[in-house]
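Taken in order, the sequence shown gives residues -21 to -1, 1 to 112; the numbers are from mature numbering (1 follows the signal peptide of the UniProt record, and there is no 0). Glycine included, C-beta positions come from ideal geometry on N, C-alpha and C.
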Amino acid sequence: MKKPLWSGLIFLVALSGCSQSISNSDFSKKSQAQVYGWISIDDYFSPVATRVEVDMCQVINNQCLTSAAQEYKGIQLPIQYSFLISPLQAGDGSMKIRARLLDKGNVVAQSLVEYHFEPGERRVDIVLSSIKN
């Protein structure tokens, strides 16, 4: 009778240790950047076979390393996007926001916007430019 009681108490103590969270005041939203805005285009594309890809990348030695990415399928522009970026994802702060509109798998419009990481909120609207074949 005493064994199940002791094993139950040990289990509860171990479980309560696993359910505690550690709060670190150094990592907060104050150090992060919320980048949001609208993606639009001056042309019309049927939303049936379209896809919008938008990503934020860290620029290192003229290379763009993706920090965050989103994809929207079967939507009609304009759409709103939003990223929450930490200082670790931003590197030295030099970043780019890339957006592409694909129709039936082919890129029909795209845009590239320069961005420098700053904590806080920042609105960056993107207008896609059509690619002429």
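Close Cβ partners of residue i (< 6 Å) along its chain, the five nearest in sequence each way excluded
{"i": "V27", "result": "none"}
{"i": "R101", "result": "V14"}
{"i": "E50", "result": "E32"}
{"i": "D22", "result": "S109"}
Exposed unless 16 or more other CB atoms sit within 10 angstroms - verdict on residue i
{"i": "V86", "result": "exposed"}
{"i": "L44", "result": "exposed"}
{"i": "residue 121", "result": "Given a span of -21 to 112 for the chain in the structure shown, any question on residue 121 remains unanswerable."}
{"i": "G16", "result": "buried"}
{"i": "I54", "result": "exposed"}
{"i": "Q37", "result": "buried"}
Alpha-carbon spacing of residue i relative to residue j, whole angstroms
{"i": "A69", "j": "I20", "result": "27 Å"}
{"i": "S(-1)", "j": "S25", "result": "The pLDDT assigned to S(-1) is 49, lower than 50, so where the model puts this residue is not dependable; a value taken from the coordinates is nonetheless given after this. Rounded to the nearest angstrom, the two C-alpha atoms are 48 Å apart."}
{"i": "P98", "j": "I64", "result": "9 Å"}
{"i": "R77", "j": "K9", "result": "25 Å"}
{"i": "S108", "j": "Q89", "result": "5 Å"}
{"i": "M35", "j": "I110", "result": "21 Å"}
{"i": "S46", "j": "R79", "result": "16 Å"}
{"i": "M74", "j": "I39", "result": "9 Å"}
{"i": "P66", "j": "A12", "result": "8 Å"}
{"i": "V106", "j": "D71", "result": "26 Å"}
{"i": "Q42", "j": "V92", "result": "15 Å"}
{"i": "G84", "j": "F96", "result": "31 Å"}
Residue range of the unbroken alpha helix (DSSP H) whose run includes residue i
{"i": "Q68", "result": "66 to 69"}
Continuous beta strand (DSSP E) stretch holding residue i: start and end
{"i": "G16", "result": "12 to 20"}
{"i": "K9", "result": "No beta strand (DSSP E) holds K9; DSSP gives it neither H nor E."}
{"i": "E32", "result": "29 to 39"}
{"i": "V87", "result": "85 to 95"}
{"i": "Y51", "result": "42 to 52"}
{"i": "D82", "result": "73 to 82"}
Beta-carbon contacts of residue i that lie in its chain and below 7 Å, excluding the five residues immediately before and after
{"i": "D82", "result": "F24, A28, T29"}
{"i": "P57", "result": "W17, I18, S19"}
{"i": "D104", "result": "G16, W17"}
{"i": "F62", "result": "V14, M35, A47"}
Proximal residues to residue i (C-beta, below 8 Å), its chain only, five neighbours per side dropped
{"i": "Q59", "result": "Y15, G16, W17, I18"}
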